[in-house]
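In the numbering used here, the protein residues as written are 6 to 364. Heads up, the beta-carbon is just placed ideally off N, CA and C, and yes, glycines get one too. A quick write-up on the structure given underneath.
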Ligand SMILES: Cc1ncc(COP(=O)(O)O)c(C=O)c1O
């Protein structure tokens with residue numbers, strides 16, 4: 006279905022003020038945003054307007070009970086200069102899984118794709134040309150009823166805005182595996198990209214950093230031994246030539262689009278990939294016996310973040326030197342080449358947008 010989106014363009018574009026070679030992360034926003042309202046059981050009022058503050062009442066449900074979900078994706082330019090969307094339908098499907106868990110309305114996938122396409126087409130000159138830079142896209146939904154009782158809202162806003170971001174090279178990260186804090190438990194909201202999950206991670210993250218680590222390695226909430234994920238990344242371990250990543254079955258791990266892409270890329274290169282529960286004890290044992298070849302985080306922001314060490318029960322376990330980490334280095338190259346349209350997309354993951362390309 007084709008939706009009718011009202012377009013009201015800014016007459017004061019800020020794009021010429023941006024130094025695209027030096028973009029501060031997450032602080033510069035493009036000229037326009039897409040907005041939609043959910044009222045009387047349907048999505049309506051589709052518009053693209055200049056990026057601006059929201060008109061919200063202090064009594065809006067989202068501000069009290071965190072009925073809010075979001076997505077995060079990157080758009081790059083291919084060698085022909087066209088913007089390329091990477092697996093947008095997976096982001097739409099994950100948004101709707103998050104929506105169901107948070108008792109929010111789903112957003113039709115075709116509306117998500119049309120809104121994204123029109124917004125990116127309008128602000129395509131905000132996509133940086135510099136290598137590995139991208140336009141970060143942030144779709145999100147908030148509960149908008151004015152009501153201070155605890156119940157699902159009946160009205161919502163869905164918004165997409167975008168922000169140019171520079172190349173993101175992750176330095177090797179040091180993880181802290183702890184049983185002091187828990188991110189997700191079966192039956193909880195771990196699989197949803199819900200605002201509250203991130204609010205709850207802030208204090209543990211601060212504590213990790215105060216002790217000299219970069220991020221928490223989240224363990225399961227019952228036995229505190231199964232590895233879930235870290236920060237905003239899924240985790241991969243290469244043990245004895247086999248690639249292992251925690252399974253998603255329990256609903257306690259966010260289903261990363263990078264994670265899914267890596268599994269496909271690895272299998273295409275002939276690697277054995279196991280999606281299964283993995284305990285911190287197995288990782289420690291494999292590290293002690295020299296069987297661990299690579300440990301890395303996978304997520305849209307960094308693509309790959311090499312993990313240098315994990316600290317668990319008073320002992321720091323070091324993983325192999327960066328030089329030997331062939332698998333994660335190759336994955337980073339493979340994924341970046343596909344999502345920026347530099348290599349042939351045999352998976353059908355990319356959607357180049359045929360917009361008028363300037364200069
Ligand atoms: C908790 C969490 N895990 C994993 C990821 C990685 O997901 P993706 O590869 O879709 O960016 C993210 C980022 O969205 C995240 O917030």
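Problem set entry | beta strand (DSSP E) runs contained entirely in the region 291–330, provided each spans 3 or more residues | If only uninterrupted beta strand (DSSP E) runs of at least 3 residues are considered, those enclosed by the region 291–330 are 297–304, 308–317, 320–323.
Exercise. Residue 84: which of 351, 237, 344, 354 sits nearest, CA to CA?
Worked result: Residue 344 is the option with its Cα nearest to residue 84.
For this session: Would you please state the rounded distance, in angstroms, between the beta carbons of residue 165 and residue 121? I believe it to be under 8 Å.
Result: Between residue 121 and residue 165 the Cβ distance is about 6 Å, and since that is below 8 Å, they are a contact.
Exercise. With respect to the beta strand (DSSP E) encompassing residue 147, which residues constitute its N-terminal and C-terminal limits?
Worked result: From DSSP, the beta strand (DSSP E) with residue 147 extends over 139–148.
Exercise. Is residue 81 near ligand 1, going by C-beta to nearest heavy atom under 6 Å?
Worked result: Checking every heavy atom of ligand 1 against the Cβ of residue 81, none is found closer than 6 Å.
Exercise. Where does residue 229 sit, in a helix, a strand or coil, going by DSSP?
Worked result: Note: residue 229 maps to coil in three-state DSSP.
Exercise. Taking DSSP as the reference, what is the three-state secondary structure of residue 130?
Worked result: The answer is helix: DSSP assigns residue 130 an H, G or I state.
For this session: Would you mind giving the Cβ-Cβ distance between residue 189 and residue 292, rounded to the nearest angstrom? I have them listed as a contact below 8 Å.
Result: Your pair residue 189 and residue 292 does not check out as a contact, with CB atoms roughly 24 Å apart and the cut at 8 Å.
Exercise. How would you call residue 247, buried or exposed, if buried means at least 16 neighbouring beta carbons within 10 angstroms?
Worked result: A residue is called buried when at least 16 other Cβ atoms come within 10 angstroms of its Cβ; residue 247 does not meet this threshold and is exposed.
Exercise. Where residue 223 and residue 11 are concerned, what is the direct C-alpha to C-alpha distance, given to the nearest angstrom?
Worked result: Put simply, the backbone Cα of residue 223 is about 44 Å away from that of residue 11.
For this session: In angstroms with no decimal places, state the Cα-to-Cα distance between residue 322 and residue 59.
Result: Their Cα atoms are separated by approximately 47 Å.
Problem set entry | Closest Cα partner of residue 227 within the set 37, 186, 237 | With distances taken between Cα atoms, residue 227 lies closest to 186.
Exercise. Given a threshold of 16 other Cβ atoms within 10 Å of its Cβ, counted over all protein chains shown, does residue 151 qualify as buried or as exposed?
Worked result: Per the 10 Å Cβ criterion, exposed.
Exercise. If residue 204 and residue 157 are in contact, beta carbons under 8 Å, what's the gap, nearest whole angstrom?
Worked result: Not really, about 19 Å apart at Cβ, beyond 8 Å.
Problem set entry | Residue range of the unbroken alpha helix (DSSP H) whose run includes residue 72 | Element bounds for residue 72: n/a, residue is neither H nor E.
Exercise. Can you give the beta carbon distance from residue 178 to residue 313, rounded, assuming they're within the 8 Å contact cut?
Worked result: Correct: roughly 6 Å between the Cβ atoms.
Problem set entry | Burial state of residue 273, where buried means 16 or more other Cβ atoms lie within 10 Å | Residue 273 should be labelled exposed.
Problem set entry | Burial state of residue 57, where buried means 16 or more other Cβ atoms lie within 10 Å | Per the 10 Å Cβ criterion, exposed.
Exercise. Ends of the alpha helix (DSSP H) at residue 203?
Worked result: Element bounds for residue 203: 200–215.
Exercise. Rounded to whole angstroms, how far is the Cβ of residue 354 from the Cβ of residue 266, which I believe are closer than 8 Å?
Worked result: Contact flag correct, Cβ pair sits at about 7 Å.
Problem set entry | Check whether residue 5 and residue 33 have beta carbons under 7 Å apart | An answer regarding residue 5 cannot be provided, because it is not within the stretch 6 to 364 covered by the chain.
Exercise. For the region 12–96, which segments carrying the beta strand (DSSP E) assignment without a break, of at least 3 residues, lie completely within its bounds, in sequence order?
Worked result: If we require 3 residues or more, the beta strand (DSSP E) runs fully inside the region 12–96 come out as 37–44, 47–55, 73–75, 78–82, 88–91.
For this session: Kindly confirm or deny that the region 127–137 and the region 68–87 touch, where touching means at least three C-beta pairs closer than 8 Å.
Result: Taking a contact to require three or more Cβ pairs closer than 8 Å, the region 127–137 and the region 68–87 qualify as touching.
Exercise. Can you name, in chain order, every residue of its own chain whose Cβ lies under 6 Å from the Cβ of residue 365, other than the five neighbours on each side?
Worked result: In this structure the chain extends from 6 to 364, so residue 365 is not present and cannot be described.
For this session: Taking residue 163 as part of the beta strand (DSSP E), name the residues at either end of that continuous run.
Result: It spans 161–170 - the beta strand (DSSP E) in which residue 163 sits, taken as one unbroken run.
Problem set entry | Residue from 259, 183, 37 whose Cα sits closest to the Cα of residue 169 | Of the candidates 259, 183, 37, the one whose C-alpha sits nearest the C-alpha of residue 169 is 37.
Exercise. Is residue 187 helix, strand or coil by DSSP?
Worked result: In this structure, residue 187 counts as coil in the three-state DSSP scheme.
Problem set entry | Three-way DSSP call (helix, strand, coil) for residue 358 in this model | Residue 358 sits in coil when the DSSP states are folded into three classes, being neither helix nor strand.
Exercise. So what's residue 338 in DSSP terms, helix, strand or just coil?
Worked result: Looking at residue 338 - three-state DSSP - the assignment turns out to be helix.
Exercise. Which residues in the same chain have their Cβ closer than 6 Å to the Cβ of residue 356, if we skip the five residues on either side of it in sequence?
Worked result: If we look at residue 356 and ignore the five residues flanking it on each side, its Cβ neighbours are 90.
Exercise. Which residues does DSSP pair with residue 241 in a beta bridge?
Worked result: 301.
For this session: Ignore the nearest five residues each way along the sequence and tell me which others in residue 219's own chain have a CB closer than 6 Å to its CB.
Result: The residues are 178, 179.
For this session: Spatial neighbours of residue 358 within its chain, please: CB distance less than 8 Å, with the 5 preceding and 5 following residues excluded, ordered by chain position.
Result: Listed in chain order, the non-local C-beta contacts of residue 358 below 8 Å within the same chain comprise 87, 88, 89, 90, 122, 125, 126, 129, local neighbours out to five positions each way being set aside.
Problem set entry | Straight-line gap, residue 35 to residue 167 (C-alpha atoms, nearest Å) | Going from the Cα of residue 35 to the Cα of residue 167 covers about 6 Å.
Exercise. If you draw a straight line from the C-alpha of residue 94 to the C-alpha of residue 209, how long is it?
Worked result: Computed Cα separation, rounded: 32 Å.
Exercise. So what does residue 279 bridge to, in DSSP terms?
Worked result: DSSP lists 249 as partners of residue 279.
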